[in-house]
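K.L.:
Chains B and Z, in that order, are what the protein sequence lines are. Residue numbers are given in full-length UniProt numbering: position 231 of the first sequence equals residue 231, and the series is strictly consecutive. Residue numbers are given in full-length UniProt numbering: position 196 of the second sequence equals residue 196, and the series is strictly consecutive. Ideal Cβ placement from N, Cα and C applies to all residues, glycine included. Provided herewith is a single structure, encoded as structure tokens, for subsequent inquiry.
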Amino acid sequence: MAEANTIQEGFLCPMCHKDLRSPNNLIVHFQDLHSEEQDILKSIKDIYDKYYLEYSDPQEPGPTRSHTDYFRAVRRERLDHRTTETNKLIIRLDRLLRFYGSDRKQQEQELVTWVEGYLVSRCPACTLPFNIARRQHHCRLCGSIMCNSCSYFLPYEIAQTIVAPVNNGSDREPATGKEGDNLRICNHCWNMLDCRRRVQIEQMKQPIICQLYSHLQKNKFHIQNTVDMYEKMYNSLVSGETTYLLQDLQSLRTTIADKAQMIDTLSKKIALLPVDPGMPKAAALQNNIRKATSVYIKDYLLTLSAPPTVQELEKIKRNRSIGVVEDDIPTPKPSIKKVTVTTGWSPANVTNETTVVEENDPLLEQMNIVRNYIDQARKAQRFEEVASLQENLQLLKKMYREQQKEEYGKK
Amino acid sequence: MNVIAAVKAYVLKMTEESEPGMKVLLMDKETTSVISMVYGQSEIQQKEVFLLERIDSPNYSNSSGLRYLKCLVFLRPTQQNIEALCTELRNPKYGAYYIYFSNIIAKADIKVLAEHDEHEVVKEVQELYMDYLAVNPHLFSIGLSTCMNSLQWDQGALQRSVQGIISLLLSLKKCPAIRYQANSRLCKDLGTRIDEIMSKESSLFAFGQNSQPLLLILDRRDDPITPLLNQWTYQAMVHELLTINNNRVNLSNVTGVSKELSEVVLSAEQDTFYAKNIFMNYGEIGTNIKQLMDQFQAKAKSHQKIESIADMKCFVEAYPQFKKLSGNVTKHVTVVGELSAMVTKYHLLDVSEVEQEISSQNDHSSHLHSIKKLLNNEKVRSTDAAKLVMLYALRYQNHSNNDLTGLIELLKKRGVSDRLLRHIVNILEYAGSHARQSDLFNVENAVKITKRFIKGLSGVDNVYTQHKPLLHDTLENLVKGRLKDQLYPFIGNHFSNGRPQDIIIFIIGGATYEESLTVHSFNKNYPSFNILLGGTTIHNSASFLEEVEQATRNVPRKHTRNIRNIRFD
Chain B
1 MAEANTIQEG FLCPMCHKDL RSPNNLIVHF QDLHSEEQDI LKSIKDIYDK
51 YYLEYSDPQE PGPTRSHTDY FRAVRRERLD HRTTETNKLI IRLDRLLRFY
101 GSDRKQQEQE LVTWVEGYLV SRCPACTLPF NIARRQHHCR LCGSIMCNSC
151 SYFLPYEIAQ TIVAPVNNGS DREPATGKEG DNLRICNHCW NMLDCRRRVQ
201 IEQMKQPIIC QLYSHLQKNK FHIQNTVDMY EKMYNSLVSG ETTYLLQDLQ
251 SLRTTIADKA QMIDTLSKKI ALLPVDPGMP KAAALQNNIR KATSVYIKDY
301 LLTLSAPPTV QELEKIKRNR SIGVVEDDIP TPKPSIKKVT VTTGWSPANV
351 TNETTVVEEN DPLLEQMNIV RNYIDQARKA QRFEEVASLQ ENLQLLKKMY
401 REQQKEEYGK K
Chain Z
1 MNVIAAVKAY VLKMTEESEP GMKVLLMDKE TTSVISMVYG QSEIQQKEVF
51 LLERIDSPNY SNSSGLRYLK CLVFLRPTQQ NIEALCTELR NPKYGAYYIY
101 FSNIIAKADI KVLAEHDEHE VVKEVQELYM DYLAVNPHLF SIGLSTCMNS
151 LQWDQGALQR SVQGIISLLL SLKKCPAIRY QANSRLCKDL GTRIDEIMSK
201 ESSLFAFGQN SQPLLLILDR RDDPITPLLN QWTYQAMVHE LLTINNNRVN
251 LSNVTGVSKE LSEVVLSAEQ DTFYAKNIFM NYGEIGTNIK QLMDQFQAKA
301 KSHQKIESIA DMKCFVEAYP QFKKLSGNVT KHVTVVGELS AMVTKYHLLD
351 VSEVEQEISS QNDHSSHLHS IKKLLNNEKV RSTDAAKLVM LYALRYQNHS
401 NNDLTGLIEL LKKRGVSDRL LRHIVNILEY AGSHARQSDL FNVENAVKIT
451 KRFIKGLSGV DNVYTQHKPL LHDTLENLVK GRLKDQLYPF IGNHFSNGRP
501 QDIIIFIIGG ATYEESLTVH SFNKNYPSFN ILLGGTTIHN SASFLEEVEQ
551 ATRNVPRKHT RNIRNIRFD
């Protein structure tokens, strides 16, 4: 009895309580020594298959160490500086754009102190000396000095878009300076402004391939859910259970086929998108998306086992019922599960007119409502719910029958 | 302890962590191999990775970018890679970067990278420990074709091996005690370096393990015989005769092979026939491939008669599987066909029989006789002839009637190249009796004789698979707790605490597929043990002789001065 009290763990053989250490060993052991217990063997296999799918195949990854926080901290320190600089430039630029009139030069110098000319003898950008031919110029944004050829001229129109990228200068006076006027700025300031501008442009534009691809992925995701459901129903059906109906399985298969068609078309569309000849990568990408999709359809969708025919199904059911009788194992009554609506779906309000009002019996009424639910759930291809609703209906029917019997008895 | 699953899990984590979207995977030469060992291209495409790029390819830096792609970066933490990545981040080609290093990276390198990320494109920086090649679930390699110079560690190779093993231990969550082969400086150096890193990174190595695993470091020189033998199990045979390189077999030299079969992938992960037959012997593969053929033909036949709509429907449904099967059948038929052609053409069965006898029996005069007979056979390849002489040289190095000189003369008469002749001297310098601590040829002790009798009676002993690698004895001792502490001491202040259940064997100088088979059968026969085998590389005889040549280059002849008819000029 001492043994009965110890709790054993591991891959135990249900017959001899030996620990076999791995599911494979367990199955082999069972096949060798207890081959007469086919039912148990099957259930072990099932458990193992599930185990294999859920835990073994994607083995839990080993440890990892993240440096992201440290990386971000270092980057922030550097970029904070850069961001404030850029923001300063933009504020100045905004004010520069508002200046006009004869004292513009003075206003400009008030905004940012210009470097004194005598301090700089060579252009800091190209290191050539200043003289009569190569004169000193000031950057309007930071006040530093450079030569003419090292200056960058920022057109007013572009400056406008930098200051206000969204409302393209519509509510501000459009021509503060003259049309086609430029601001002289240095290379450094231009880089900072340009960098920011490019980031903004990137953020706004989303190429067509992205839209198509996200559409494709969304559909693929839906298909995957449907496929999972299909496999579950299929397995349940061929193992002789009556939880799901064959016709539902068939309709699900049609849905999958339709969706497969859809992602096929989408991926073709992606493959045929026009490609810039200078971008061989884009072409490769589009082709690979197409290839991956057709592999997915071939390997995951076309390989789905076809639904059994009505005859096959009958045979399975018969075999199963024989097996049950022979073993004489009372199958435990399935407990009634509550209908759990997982993704926010619920049968639309059942119109009460459809249920027969004369039915005074609350049970009958209830049964009608459930039947209605089943129809709706089937239409929405919510077969999980169909199954549990069916179960409910069976129970109701049983209760109704008992009630009837009782009433007859009374009479 | 499954290295394939460990690497796969990391790759999966890498592809899933980076949010959905089209992705490109940026790798270097070595990480490309790491990934390609476990994932095929079409498989990784299902993880939304549509482009593969090499950061070290010469035209990568001028290639165009696609800003709408996410970039998964998977690199070894080397100086070149960090520099290349800095350049990349300064002018990013892609929209976002998820950076994964295959090993421990210095903080200073992270800082440098962070300073170059001016566009804030980096979203993630992590270490994922997969700095080794996962060959089979119980077999890994570092991918170093040679690891010694002048019979000492090549420093680069030592460093690489340390990194490889450290990442292996981390990926499997093992913090082992380390034992090493006592007579080998190389083993001790490697063990000490690993131990140092384990204590330095003790926070990383803090796993809650039930029992302490063992890392046993061995030197190839203790068993130079195994890599020289012809092999008769599928994987080992393919490697010996056709060479497997990162799961790929080059068949372009095979006559009449179609273009798509010029390089085939042999991966147990994607190919069930291969997975089933990887450890089967030559005879069994023949039967199995016939079965596969029959199966295929039956399917093909059923596809021929398409009469009704229902047949058509059936055909369309089964066609993808059919096509897959057909590709697989052609592949294996080609491979096995080539193997069997070589076996017949070069009389490999005869050669192997003698090889096996030399390696596992003790009968000098009859062995000498059989070798001489084969050396006179024109069909036997020069390499096989030379290998037979090498086996003889190792086996009877100190035998009183040693007739190596005579055999070398015979080889010369056959016109065997000087290089092959020099290999005989090389291998004696590399792994002659002076370099071995185990009794490699103690094959005929009393226990084994009785065993042989029993085996002989039941008639299961196969003449081509008599040889058991030295590793077999080592493992047997280890499993029974009889491995001597003087011969295999512990590193540091570890001590023997019972029998470890998880055992990692690492062979400096390369493991072989024969040893992989040994480990595989140990795992099967002793389910309570979990053994993993690794090596600086996976050798066949050709690659092994190259390594020996490299290791003994410029080493003065100490132990082979008596062999006067081979000269190095």
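#1: Rounded to whole angstroms, what's the CA-CA distance from Ile209/B to Met22/Z? Just pull it up for me.
#2: Name the chain Z residues whose beta carbon is nearer than 8 Å to that of Tyr296/B?
#3: Among Ile507/Z, Gly406/Z and Tyr464/Z, whose alpha-carbon lies nearest the alpha-carbon of Asn562/Z?
#4: Using a C-beta cutoff of 8 Å, does Ile256/B count as contacting chain Z?
#5: Is Lys338/B buried or exposed, if buried means 16 or more other CB atoms sit within 10 Å of its CB?
#6: Tell me the residue span of the alpha helix (DSSP H) that contains Cys126/B.
#7: Using three-state DSSP, classify Phe441/Z as helix, strand or coil.
#8: List the residues that DSSP assigns as beta-bridge partners of Tyr152/B.
#9: How about Val135/Z and Val249/Z: are their beta carbons less than 8 Å apart?
#10: Grab me the residues of His116/Z's own chain with a C-beta within less than 6 Å of its C-beta, minus the 5 sequence neighbours each way, in chain order.
#11: Just the C-alpha distance for Lys412/Z and Ile371/Z, rounded to the nearest angstrom, thanks.
#12: Verify the CB distance criterion: does Gln261/B have a CB-CB separation below 8 Å to chain Z?
#13: According to DSSP, which residues form a beta bridge with Arg65/B?
#14: Exposed or buried, what is Asp248/B when buried is set at 16 or more other beta-carbons lying within 10 Å of its beta-carbon?
#15: Given a cut-off of 8 Å, decide if Leu144/Z and Thr537/Z are closer than it, judged by their beta-carbon atoms.
#16: Residues in its own chain within less than 8 Å of Gly415/Z by CB, not counting five upstream and five downstream?
#17: Nearest to Phe140/Z by CA position, among Asn554/Z, Lys111/Z and Val519/Z, is which residue?
#18: Verify the CB distance criterion: does Pro77/Z have a CB-CB separation below 8 Å to chain B?
#19: Cβ atoms of Thr512/Z and His539/Z: under 8 Å apart, would you say?
#20: Go ahead and label Thr552/Z buried or exposed: buried means 16 or more other beta carbons lie within 10 angstroms of its beta carbon, across all protein chains shown.
#21: If contacts are defined as beta-carbon pairs under 8 Å, then residue 570/Z and Val343/Z qualify, I think. What distance do you get, rounded to the angstrom?
#22: So what's Arg561/Z in DSSP terms, helix, strand or just coil?
#23: Under 8 Å, with one C-beta from each stretch per pair, do the segment 94-110 of chain Z and the segment 376-383 of chain B reach the 3-pair mark?
#24: Could you list which residues in chain B have their beta carbon closer than 8 Å to that of His70/Z, in chain order?
#25: Strictly by DSSP, which residues pair up with Phe140/Z?
#26: Might you give, ordered along the chain, the residues of its own chain that have their beta carbon closer than 6 Å to the beta carbon of Asn281/Z, omitting 5 neighbours on each side?
#27: Residues of chain B with a CB under 8 Å from the CB of Gln321/Z: which are they?
#28: So with CB distances below 9 Å, who are the chain Z contacts of Pro307/B?
#29: How big is the Cα-Cα spacing for Glu142/B and Asp94/B?
#30: Who are the Cβ neighbours of Leu113/Z in its own chain at under 8 Å, not counting the five residues just before and after it?
#31: Under 8 Å by Cβ, that's how I've got Pro137/Z and Ile4/Z pegged, so tell me the actual separation to the nearest angstrom.
#32: If you draw a straight line from the alpha carbon of Trp190/B to that of Gln286/B, how long is it in whole angstroms?
#33: Excluding sequence positions up to five away, which residues of its chain have a Cβ less than 6 Å from the Cβ of Asn277/Z?
#34: Shortest alpha-carbon distance to Asp223/Z belongs to which of Ile503/Z, Pro489/Z and Pro469/Z?
#35: Taking the beta strand (DSSP E) that Ile35/Z falls in, what are its first and last residues?
#36: Looking only at DSSP bridge pairs, what is Ala511/Z linked to?
P.N.:
Per the coordinate set shown:
#1: Rounded to whole angstroms, Ile209/B and Met22/Z show a C-alpha spacing of 10 Å.
#2: Chain-order list of chain Z residues neighbouring Tyr296/B: Gln46, by C-beta distance under 8 Å.
#3: The shortest CA-to-CA distance from Asn562/Z to any of Ile507/Z, Gly406/Z and Tyr464/Z is the one to Gly406/Z.
#4: Ile256/B has a beta carbon lying at 8 Å or more from every beta carbon in chain Z.
#5: Bear in mind that a pLDDT of 47 at Lys338/B, under 50, signals an unreliable position, so the number given afterwards is only what the model happens to contain. By the 10 Å Cβ count, Lys338/B comes out exposed.
#6: Premise fails: Cys126/B is in no alpha helix (DSSP H) and is neither H nor E.
#7: In the structure shown, Phe441/Z adopts coil according to DSSP, grouped into three states.
#8: Here Tyr152/B is bridged, per DSSP, to Ile185/B.
#9: Not a contact, by the Cβ cut-off of 8 Å.
#10: The answer, listed in chain order, is Cys86, Leu89 and Arg90.
#11: Looking at the two C-alpha atoms, the distance is approximately 14 Å.
#12: Using beta-carbon distances, Gln261/B does not count as an interface residue toward chain Z, since no partner is under 8 Å.
#13: For Arg65/B, the pairing in a beta bridge is given by DSSP as Glu127/Z.
#14: Sixteen is the threshold: when 16 or more other Cβ atoms of the shown chains lie within 10 Å of the Cβ of Asp248/B, as they do, the residue is buried.
#15: The beta carbons of Thr537/Z and Leu144/Z sit closer together than 8 Å.
#16: Ser382.
#17: It is Val519/Z.
#18: Answer no: the Cβ-Cβ gap between Pro77/Z and chain B never drops below 8 Å.
#19: It is a contact, given that the beta carbons lie within the stated cut-off.
#20: Here Thr552/Z is buried. Its C-beta has 16 or more other C-beta atoms within 10 Å.
#21: The structure shown does not extend to residue 570/Z, since chain Z is modelled only from 1 to 569, so the question has no answer here.
#22: DSSP, read as helix, strand or coil, puts Arg561/Z in coil.
#23: They do not touch, by the three-pair rule.
#24: Sequence inspection shows Lys at residue 70/Z; the His mentioned does not correspond to that position. Those within 8 Å of Lys70/Z in chain B number zero; the least Cβ separation is about 11 Å.
#25: In the DSSP assignment, Phe140/Z forms a beta bridge with Ala134/Z and Gly534/Z.
#26: Excluding positions up to five away in sequence, the list reads Trp232 and Thr233.
#27: Within 8 Å Cβ-Cβ: Thr303.
#28: Neighbours of Pro307/B in chain Z, taken as residues at a C-beta separation under 9 Å, are lacking, since the least C-beta distance is about 11 Å.
#29: The sequence given here places Cys at residue 142/B; Glu does not occur at that position. Going from the Cα of Cys142/B to the Cα of Asp94/B covers about 14 Å.
#30: The beta carbon of Leu113/Z lies closer than 8 Å to those of Ile82, Leu85, Cys86, Leu89, Ile99, Val122 and Val125 in the same chain, with the five residues before and after it left out.
#31: Cβ atoms of Pro137/Z and Ile4/Z come within 8 Å of each other, at about 5 Å.
#32: Computed Cα separation, rounded: 36 Å.
#33: Excluding positions up to five away in sequence, the list reads Tyr234, Ile285 and Asn288.
#34: Check the Cα spacing between Asp223/Z and each of Ile503/Z, Pro489/Z and Pro469/Z: the tightest is with Pro469/Z.
#35: Going by DSSP, Ile35/Z is part of no beta strand (DSSP E) but of the alpha helix (DSSP H) stretching over Lys29 to Ser36.
#36: The secondary-structure analysis by DSSP pairs Ala511/Z across a beta bridge with Ile538/Z.
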